[in-house]
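In our numbering, the protein residues as written are 451 to 837.
Take a look at the structure below.
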Amino acid sequence: MTIRAAQRVTQIPKSAIHEMTRLSQQFEDVAFLSWAKPTSSAPIHIRERAAEAVVQGHTDGYSTNAGLLELRQAIVKKLRRDNGISAQASEVIVTVGAIEGLTAALLATVDPGDEVILPSPTYSTHINQVLLASATPVFAPLVEDQGFRLDLDAIAAAITPKTRAVLYCTPSNPSGTVFGEEDLRGLAALALEHDLVVITDEAYEYFVFDGARHFSIASMPEMRHHAISCFTFTKSYAMTGWRVGYLHADEEWIAQINKPHIACAICAPVASQVAALAALEGPQDCIVEFREHYRLARDRMCERLDRLGGVFEYQKPEGAYLMFPKILLEEGRDSKQFCERLLREALVSTTPGVDFGSTGEGHLRMSFCVPIETIDLAFDRMERYFL
Ligand SMILES: Cc1ncc(COP(=O)(O)O)c(C=O)c1O
């Protein structure tokens, strides 16, 4: 008898980010720009409050599946204040990071064979989540020379009778684009016309620069039944390892999304929920500090890319902490090979663009969520290597 794994998993390629991490570990002193994760620790008041709850034995049981009521009430306040979303606690599920929320949302909305439109290049995990739900990812290219702007015509052209959902992240991983309000209103009109669900990943909601504004599509009252919005504590409060996020949808969707949520997680870790409550109730200065650091780091990366001249062409990101330069050299057509060579020969680790869908081929993703010195080290090495 031959035991074989299910096609829904075998079809998923190895993660290039993990592959680059594994390869990087074979070398010493790599200038590492591959990860999109905060390098600092969560603020101390968050850790202390969770630690106290753990010591007092308040975190040993399950919470209700949807999460601690006090936390959901705090989330409701935040959604009103920062996202313009008018919500009830019964419309929120606390999830194991944004990732579990997105997976549960897809499992609740698509049937096998349905199509999900992904404006792309897009976050590689979104592609894999669609595949895991036995649906088909359909890529609608972004307009690269307009800063990877949403292309409503491309999205409209991608809609077929099988389309059930559109899934996007803004600010975007990998390009750092902040989708404009007008474009998102246009997308909402398409979703309403074709009865599609819009699933959003707003992980980088607070990291926008140069006056750009983050717009939550669920703030439009008419999108009430058509939007499922996923958020996280990972980026805003540097709480990557706590694995806590949340989603908002109307109560009918929540009843359905709760089923895969229970099957995958039962509830989010309770110690992490206490930490999340501390994050929402405490000072918000860390968000401002992180944003300022990312802006400075972005500016430095752009300056250094300019100095490299004809190697890359880039769109200056207005958000997140990632950028997605196009490789101008002939050998850049195969981004995976290019990326591996850059690591082996120049000790700079990036992520191949092909990981973010076929429209990402010929690009590299570079993270500026690193100390400025790491950016300088990486670009000093690239200057020696390319120039
Ligand atoms: C766009 C995007 N969404 C979600 C995540 C992960 O979020 P979480 O840690 O909340 O699961 C990441 C992490 O890099 C991301 O870039």
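Note that the Cβ used here is the ideal one computed from N, Cα and C, for glycine as well.
It should be emphasised that the depicted structure is a prediction, and the values quoted were computed from it without experimental measurement.
Legend entry - Cβ distance (whole Å) where alanine 728 is taken to contact isoleucine 496 below 8 Å: At roughly 5 Å, the Cβ-Cβ gap stays under 8 Å, so alanine 728 and isoleucine 496 are in contact.
Inset, instruction - Would you check whether ligand 1 has a heavy atom nearer than 6 Å to the C-beta of aspartate 651? - result: Relative to ligand 1, the nearest heavy atom lies less than 6 Å away from the CB of aspartate 651.
Inset, instruction - Decide yes or no for the touch test of the region 722 to 737 against the region 692 to 701: beta carbon pairs closer than 8 Å, at least 3 of them. - result: Yes: at least three Cβ pairs fall under 8 Å.
Legend entry - tyrosine 656 Cβ short of 6 Å to ligand 1 heavy atom set: Incorrect: tyrosine 656 has no Cβ contact closer than 6 Å to ligand 1.
Legend entry - Closest Cα partner of tyrosine 654 within the set Ala524, Leu797 and Pro767: Put simply, of Ala524, Leu797 and Pro767 the residue whose alpha carbon is nearest the alpha carbon of tyrosine 654 is Pro767.
Inset, instruction - For the region 672 to 734, list the beta strand (DSSP E) runs that are entirely contained and at least 3 residues long, ordered along the chain. - result: If we require 3 residues or more, the beta strand (DSSP E) runs fully inside the region 672 to 734 come out as 677 to 682 and 695 to 698.
Inset, instruction - Would you check whether ligand 1 has a heavy atom nearer than 6 Å to the C-beta of isoleucine 825? - result: Result no, Cβ not under 6 Å from ligand 1.
Legend entry - Beta-carbon contacts of glutamine 706 that lie in its chain and below 6 Å, excluding the five residues immediately before and after: Ala558, listed in sequence order.
Inset, instruction - Kindly examine ligand 1 and report whether one of its heavy atoms sits closer than 6 Å to the Cβ of isoleucine 549. - result: Isoleucine 549 Cβ: within cutoff of ligand 1.
Inset, instruction - Measuring alpha carbon to alpha carbon, tell me which of Thr682, Gly563, Arg741 and Pro463 ends up nearest lysine 528. - result: Minimum Cα-Cα distance from lysine 528 among the listed residues Thr682, Gly563, Arg741 and Pro463 corresponds to Thr682.
Inset, instruction - Could you pull out every residue in the same chain whose Cβ sits closer than 8 Å to the Cβ of isoleucine 605, ignoring the five residues on either side in sequence? - result: Cβ neighbours of isoleucine 605 beyond the five flanking positions: Ile567, Pro569, Ala590, Val616, Leu637 and Leu640.
Legend entry - Where histidine 664 sits in the DSSP three-state scheme: Histidine 664 carries a coil assignment under DSSP once its states are collapsed to helix, strand and coil.
Inset, instruction - For threonine 460, I'd like the list of residues in its chain whose CB is within less than 6 Å of its CB, leaving aside the five on either flank, ordered along the chain. - result: Cβ neighbours of threonine 460 beyond the five flanking positions: none.
Legend entry - 8 Å CB neighbourhood of isoleucine 710 in its chain, flanking five on each side removed: Note on identity: in this sequence residue 710 is proline, with isoleucine being the wrong assignment. Result list for proline 710: Thr553, Ala554, Leu557 and Ala558, in chain order.
Inset, instruction - Might you give, ordered along the chain, the residues of its own chain that have their beta carbon closer than 7 Å to the beta carbon of leucine 473, omitting 5 neighbours on each side? - result: Here the set comprises Glu790 and Leu793.
Inset, instruction - Spell out the partners DSSP gives tyrosine 618 in its beta bridges. - result: Looking at the DSSP output, tyrosine 618 bridges to Thr650.
Inset, instruction - Could you tell me whether the region 524 to 538 touches the region 728 to 747, where touching means 3 or more Cβ pairs closer than 8 Å? - result: Yes, the region 524 to 538 touches the region 728 to 747.
Legend entry - Beta-carbon gap between arginine 750 and isoleucine 822 smaller than 7 Å: Yes.
Inset, instruction - Kindly examine ligand 1 and report whether one of its heavy atoms sits closer than 6 Å to the Cβ of tyrosine 835. - result: Not so, every heavy atom of ligand 1 lies at least 6 Å from the Cβ.
Legend entry - Segment contact flag, the region 623 to 630 with the region 763 to 780, C-beta cutoff 8 Å, min 3 pairs: Touching, yes, given that three or more Cβ pairs across the two stretches are closer than 8 Å.
Inset, instruction - Measure how close the beta-carbons of isoleucine 543 and threonine 801 come, nearest whole angstrom, since I'm counting them as under 8 Å. - result: With 8 Å as the limit, isoleucine 543 and threonine 801 do not qualify as a contact, their Cβ atoms being about 30 Å apart.
Legend entry - First through last residue of the beta strand (DSSP E) which encompasses serine 570: That run of the beta strand (DSSP E) goes 565 to 570.
Legend entry - Three-way DSSP call (helix, strand, coil) for alanine 558 in this model: In this structure, alanine 558 counts as helix in the three-state DSSP scheme.
Legend entry - Rounded distance between the beta-carbons of glutamate 652 and threonine 684, thought under 8 Å: Your pair threonine 684 and glutamate 652 does not check out as a contact, with CB atoms roughly 12 Å apart and the cut at 8 Å.
Inset, instruction - Put phenylalanine 482 into one of helix, strand or coil per three-state DSSP. - result: Phenylalanine 482 carries a strand assignment under DSSP once its states are collapsed to helix, strand and coil.
Legend entry - Under 7 Å between C-beta atoms of histidine 698 and glutamate 565: Not closer than 7 Å, so no.
Legend entry - Check: threonine 684 C-beta below 6 Å from any heavy atom of ligand 1: Checking the Cβ of threonine 684 against ligand 1 gives yes.
Inset, instruction - Return the Cβ separation of tyrosine 744 and phenylalanine 657 in integer angstroms, given the expectation that the two are a contact with Cβ distance under 8 Å. - result: Indeed, because the Cβ distance is near 6 Å, the residues count as touching under 8 Å.
Legend entry - leucine 797 to glutamate 833 span [Cα, whole Å]: Taking the straight line joining both Cα atoms gives about 12 Å.
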